[in-house]
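Using the working numbering, the letters of the sequence shown map in sequence onto residues 1458 to 1716. Ideal placement from N, C-alpha and C gives every residue a C-beta, glycine not left out.
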Amino acid sequence: MTTTHEPPTSLPGRPPVVDPATWQAARDALLIREKAHTRAGDALAAERRRLPMVELDGSVEVVGADGPVPFVELFGDHDELLVYQHMWHDGAPHQGQCEGCTVSAWHLRDAVYLDARGVSFAILTTGPWEEVAPYLEFMGYTQPWYSVRGLDEPIGGDMGSFACFLRDGDRVFLTYSTTGRGVEQAAGSFSLLDLTPYGRREAWQDVPDGWPEGNEPCWYWRTDVDGHATWGPTGRPVPQWTRPGATAADTLGRHGHHH
């Protein structure tokens, strides 16, 4: 690779400086691999569409803004339903609710493109509705949320997942579920950060020698009132600082493990 003269820099690590033709050649070579990655993702999606499905009781009731409703009603006029299952810390104030689930829910504040394609969307949580309702008002969420407290999987149970359902008349089927890093598909910020020179700045990333040292996974998901990353008691999930009435916190108010 042909490099040009590089002036002194205060950056702890950075890509080499090259002429435009050298950059374009390197970019074109990477593009070949990026296209292969895209095609591999398409092939996985094709396999996903061929998974079998399992029937469940669509008459079980979930609790929303209008009270209890059968789960099947979450489909509305559509035959497909995508849900995000949001973790909940019982009794915790707003700043103590799950920062990871906030990432997914905040990125899906508006699901109009899912609806346009004929897929309904809802967020499920094991939190009691009397706690969930004021949280939604504070966050400004307009997606339909439902409490599934006390229900078994796949509607209730462990949270922090996406699940897809298909309806055939009054019959309801689970077709797909994913958790862990599988939920990153909802958050475009991750993919955009992966385009940048320093990426997510997390310690697990493969970076060149001399690059800025990575931090713990998810380190930037909570900040204090001054915008400094912290997972301590003064932190809130990042979007909460944009909400009217958000003030400095001194406790997460969590008691035990989340649901």
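Asked                                                                                                                                                                            : Found
Where does Pro1585 fall in DSSP's three states?                                                                                                                                  : coil
Between the alpha carbons of Tyr1633 and Tyr1598, how many angstroms are there, rounded?                                                                                         : 25 Å
Taking Pro1611 as the reference, give the member of Val1517, Asp1707, Arg1507 with the closest Cα.                                                                               : Val1517
Pull up the distance between the alpha-carbon of Glu1530 and that of Thr1583, whole angstroms please.                                                                            : 18 Å
Please list the segments of the alpha helix (DSSP H) lying wholly inside the stretch 1552 to 1627, counting only runs of 4 or more residues, in order along the chain.           : 1556 to 1564, 1569 to 1573, 1586 to 1596
Quick one, are the C-beta atoms of Pro1527 and Thr1708 less than 9 Å apart?                                                                                                      : no
Just list the residues that DSSP pairs His1546 with in beta bridges.                                                                                                             : For His1546, which the question treats as bridged, DSSP gives no partner whatsoever.
Between the C-alpha atoms of Cys1555 and Asp1523, what's the straight-line distance to the nearest angstrom?                                                                     : 24 Å
Per DSSP, Tyr1633 forms a beta bridge with which residues?                                                                                                                       : Cys1621
For Ile1580, does the count of other Cβ atoms within 10 angstroms reach 16, so buried, or fall short, so exposed?                                                                : buried
Count the other CB atoms, across all protein chains shown, that sit within 10 Å of the CB of Tyr1570; report buried if there are 16 or more and exposed otherwise.               : exposed
Is it the case that the stretch 1618 to 1635 contacts the stretch 1493 to 1510, given that we only count it when at least three CB pairs across the two stretches are under 8 Å? : yes
Counting pairs of Cβ atoms below 8 Å between the stretch 1475 to 1488 and the stretch 1671 to 1686, do you hit three or more?                                                    : no
If Leu1608 and Trp1602 are in contact, beta carbons under 8 Å, what's the gap, nearest whole angstrom?                                                                           : Contact doesn't hold; Cβ gap of about 15 Å is too wide.
Using CA coordinates, which residue listed in Glu1512, Trp1676, Pro1674, Glu1659 is at the minimum distance from Trp1668?                                                        : Glu1659
Alpha carbon to alpha carbon, how far is Val1589 from His1494? Give it in angstroms, no decimals.                                                                                : 39 Å
Who are the Cβ neighbours of Ser1618 in its own chain at under 6 Å, not counting the five residues just before and after it?                                                     : Gln1542, Ser1634, Thr1636
Would you identify the three-state DSSP class for Thr1680, choosing helix, strand or coil?                                                                                       : strand
Rounded C-beta distance between Glu1537 and Val1474? I'm assuming under 8 Å.                                                                                                     : Going by Cβ atoms, the distance from Glu1537 to Val1474 rounds to 49 Å, so no, they are not a contact pair.
For the beta strand (DSSP E) that contains Leu1501, what are its first and last residues?                                                                                        : First-last for Leu1501: 1477 to 1505, but that is the alpha helix (DSSP H), not the beta strand (DSSP E).
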